[in-house]
Amino acid sequence: MGLVILNGKRFEDNDFVINFDDACLYGRDVQLLESSTGWLNDTCIHYYFRRLASKDNSRSIFLDPSVVSFLMHQCDDNDDLVDISRGYDNWTCSRLFVPINDNLSSENWTTPGAGTHWSLLVIVPAQSPLYLHMDSVPGSKNALTAQAVAEKWEEAYWLTLPYQNERAIRVQELDVPSQRNGNDCGMHVLAAVRALQGVEAEASVAVYRAKLADTLEKDLSKNTMFMKDFRREIVDEIASFVS
Numbered sequence: 002m003g004l005v006i007l008n009g010k011r012f013e014d015n016d017f018v019i020n021f022d023d024a025c026l027y028g029r030d031v032q033l034l035e036s037s038t039g040w041l042n043d044t045c046i047h048y049y050f051r052r053l054a055s056k057d058n059s060r061s062i063f064l065d066p067s068v069v070s071f072l073m074h075q076c077d078d079n080d081d082l083v084d085i086s087r088g089y090d091n092w093t094c095s096r097l098f099v100p101i102n103d104n105l106s107s108e109n110w111t112t113p114g115a116g117t118h119w120s121l122l123v124i125v126p127a128q129s130p131l132y133l134h135m136d137s138v139p140g141s142k143n144a145l146t147a148q149a150v151a152e153k154w155e156e157a158y159w160l161t162l163p164y165q166n167e168r169a170i171r172v173q174e175l176d177v178p179s180q181r182n183g184n185d186c187g188m189h190v191l192a193a194v195r196a197l198q199g200v201e202a203e204a205s206v207a208v209y210r211a212k213l214a215d216t217l218e219k220d221l222s223k224n225t226m227f228m229k230d231f232r233r234e235i236v237d238e239i240a241s242f243v244s
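Just so we're aligned, residue 2 is where the sequence shown starts under our numbering, counting upward by one.
The structure is reproduced here in structure tokens:
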């Protein structure tokens, strides 16, 4: 059993640490964030998304990984899709940050809980909409997943309208720095979302690309320990909530 110490308190795997805006962290989750070899789980992603959302004034939606899983695995009929679309008001928000998880199998990626790799899909509804995908492992099968999620999300939107519209969905790939190990994909997603949060939602693709280059690429090129430091920053913030 693992152990993490926060603000002088000891937490084992199943010990409750904090609840931030319905994102509950346990000792095992903080251990993943703290370890340089920790592969982030859904809870870690959701927690940091809630932290970013708490500081956001742009009407962006930071989608919980469990919602993406529900959309792809458990929405069995149109009523479920309509509920998701209306519940998240996803076409009147300025932008959606969607965590993409894939088990690297083009045949079986839809198996719940089988994912081994994170990437990021950004949806900008006002731009027809615009779908942007960022993957720290170039050529991974996550592009297939991002395409499927984009198609499902748009299907949910059209079901809320009195008319239907069939159109091809094009997900554009944006280059991001490649991860340097086999476990930092989730950290790359968090870093990309943090970098893009300051971009106007309806900015051009070129602006999104430039922001990634000016922040994430520079950070990683200047500091080989950037991801380790980023992990420490998140854990230190969690510790500040522990009383």
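Ideal Cβ positions, reconstructed from N, Cα and C, are used throughout, including at glycine.
Discussion item. Within a Cβ cutoff of 7 Å, which residues of the same chain sit near Arg210, ignoring the five residues on either side of it in sequence?
Written reply: Leu175
Item to complete: Tell me the start and end of each unbroken alpha helix (DSSP H) in the segment 14–82 that is at least 4 residues and wholly inside, in chain order.
Response: Unbroken alpha helix (DSSP H) runs of no fewer than 4 residues, entirely contained in the segment 14–82, are found at 28–35, 43–55 and 66–74, following chain order.
Worksheet item: Which first and last residues belong to the beta strand (DSSP E) in which Leu217 is found?
Response: No beta strand (DSSP E) holds Leu217; DSSP gives it neither H nor E.
Worksheet entry | Exposed unless 16 or more other CB atoms sit within 10 angstroms - verdict on Glu155 | buried
Discussion item. The alpha helix (DSSP H) that contains Arg233, what's its start and end?
Written reply: Counting along the chain, the alpha helix (DSSP H) containing Arg233 begins and ends at Phe227 to Phe242.
Worksheet entry | Exposure label - Ala207; buried when at least 16 CB within 10 Å | exposed
Worksheet item: What distance in whole Å lies between the Cβ atoms of Ser59 and Ser95, which are believed to be in contact at a cut-off of 8 Å?
Response: 5 Å
Discussion item. Using CA atoms only, rank isn't needed, just tell me which of Asp14, Leu41 and Asn102 is closest to Val68.
Written reply: Comparing Cα positions, the closest option is Asn102.
Worksheet item: Can you find at least 3 beta carbon pairs, one from the segment 50–58 and one from the segment 126–140, that sit closer than 8 Å?
Response: no
Worksheet item: Count the other CB atoms within 10 Å of the CB of Gln198; is the residue buried (16 or more) or exposed (fewer)?
Response: buried
Discussion item. Which residue wins for smallest C-alpha separation from Gly39, given the options Asp16, Phe63, Ala169 and Trp119?
Written reply: Trp119
Fill in: Assigned exposure category for Thr146 - 16 Cβ within 10 Å defines buried
buried
Discussion item. If I measure Cβ to Cβ from Val150 and keep anything under 8 Å in the same chain, skipping five residues before and after, which residues do I get?
Written reply: Cβ neighbours of Val150 beyond the five flanking positions: Val69, Leu72, Met73, Val99, Ile101 and Leu122.
Discussion item. Tell me whether Glu156, by its Cβ, gets closer than 7 Å to a heavy atom of the ligand NAP.
Written reply: Absent from the structure shown: the ligand NAP. Ligands present: none.
Worksheet item: DSSP on Val177, reduced to helix/strand/coil?
Response: Three-state DSSP puts Val177 in coil, outside helix and strand.
Discussion item. How far does the alpha helix (DSSP H) with Arg195 in it extend, from its first residue to its last?
Written reply: It spans Cys186 to Leu197 - the alpha helix (DSSP H) in which Arg195 sits, taken as one unbroken run.
Worksheet item: Which residues does DSSP pair with Val125 in a beta bridge?
Response: Under DSSP, Val125 forms a beta bridge with Leu131.
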